[in-house]
Amino acid sequence: MLPMEITVRSLRVAMQNNLTADEYSQAMLQELEDLDQARLDAYDRLQAQKKVVARAYNKKTKYKSFGEGELVWKAVLPIGTKDPRFGKWSPNWEGPFIIDKVLGKGAYHLRDKDGERHAMPINGQYLKKHYPTMWEARAAE
Numbered sequence: 707m708l709p710m711e712i713t714v715r716s717l718r719v720a721m722q723n724n725l726t727a728d729e730y731s732q733a734m735l736q737e738l739e740d741l742d743q744a745r746l747d748a749y750d751r752l753q754a755q756k757k758v759v760a761r762a763y764n765k766k767t768k769y770k771s772f773g774e775g776e777l778v779w780k781a782v783l784p785i786g787t788k789d790p791r792f793g794k795w796s797p798n799w800e801g802p803f804i805i806d807k808v809l810g811k812g813a814y815h816l817r818d819k820d821g822e823r824h825a826m827p828i829n830g831q832y833l834k835k836h837y838p839t840m841w842e843a844r845a846a847e
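Next up, the structure:
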């Protein structure tokens, strides 16, 4: 049925359901109310599905937090700044760096091992913990 047929009476529409004009208009209003309820039900199902997806994501996600003085690796950002001499074998991480200051909301200021502080803070998602190798551990002793 076309929307125009709702307002413009035609013989086909009138004879389709053997309804009077009042009964027909009441049936159309009831269909509109049912449509609103179907939309609300679909919205409720959508919200429930979003909660399920968020719960599954949060279950797998491990949040990183670092303290001041920890050693970390920093991701090479952005992608185009990798050293072309290495080709596809260029390193994905650089460092190690020392966490100089924790800014909150996952942001950190880094410092080189030489003590030079980086100008821009970096988000914790681009950092990973540095575990010293056995040679670095022996040199520190």
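Residues in the sequence shown are numbered from 707 upward in steps of one, following my numbering.
Note that CB positions come from ideal geometry on N, CA and C, so glycine has one too.
Can you name the residues that DSSP bridges to Ala781? Reading the sequence shown from its first residue, position 75 is the one you call residue 781. Bridge partners of Ala781: Trp799.
Nearest to Lys770 by alpha carbon, out of Arg844, Met840, Leu833 and Glu842? Locating residue 770 in the sequence shown gives position 64, where the first residue counts as 1. Residue Leu833 is the option with its Cα nearest to Lys770.
State the DSSP-derived secondary structure class of Gly810, mapped to helix, strand or coil. As a position in the sequence shown, residue 810 is number 104, starting the count at 1. Strand, per DSSP.
Return the CA-CA distance between Ile828 and Pro784, expressed in angstroms with no decimal places. As a first step, residue 828 is located in the sequence shown; it is residue number 122 there, counting from the start. As a first step, residue 784 is located in the sequence shown; it is residue number 78 there, counting from the start. Going from the Cα of Ile828 to the Cα of Pro784 covers about 12 angstroms.
DSSP three-state label for Asn829, please. Position 123 of the sequence shown, counted from the start, is the residue given in the question as residue 829. Strand at Asn829.
So Phe772 packs on Tyr814, CB below 8 angstroms; how close in whole Å? Counting from one through the sequence shown, the residue named residue 772 turns up at place 66. Counting from one through the sequence shown, the residue named residue 814 turns up at place 108. With 8 angstroms as the limit, Phe772 and Tyr814 qualify as a contact, their Cβ atoms being about 6 angstroms apart.
Return the bridge partner residues of Lys835 from the DSSP annotation. One-based indexing of the sequence shown puts residue 835 at position 129. Val778, per the DSSP bridge assignment.
Rounded separation between Glu737 and Lys811 - CA only: On the sequence shown, position 31 is the one that residue 737 refers to. On the sequence shown, position 105 is the one that residue 811 refers to. If I take the Cα positions, the gap works out to 49 angstroms.
Beta-carbon proximity list for Lys780, same chain, < 8 angstroms, skipping 5 on both sides: Within the sequence shown, the letter at position 74 stands for residue 780. Contacts found: Trp799, Glu800, Gly801, Phe803, Leu816, Ile828, Tyr832 and Leu833.
Tell me, which residues are paired with His815 by DSSP? The residue labelled residue 815 in the question sits at position 109 within the sequence shown. In DSSP, His815 forms a bridge with Lys807.
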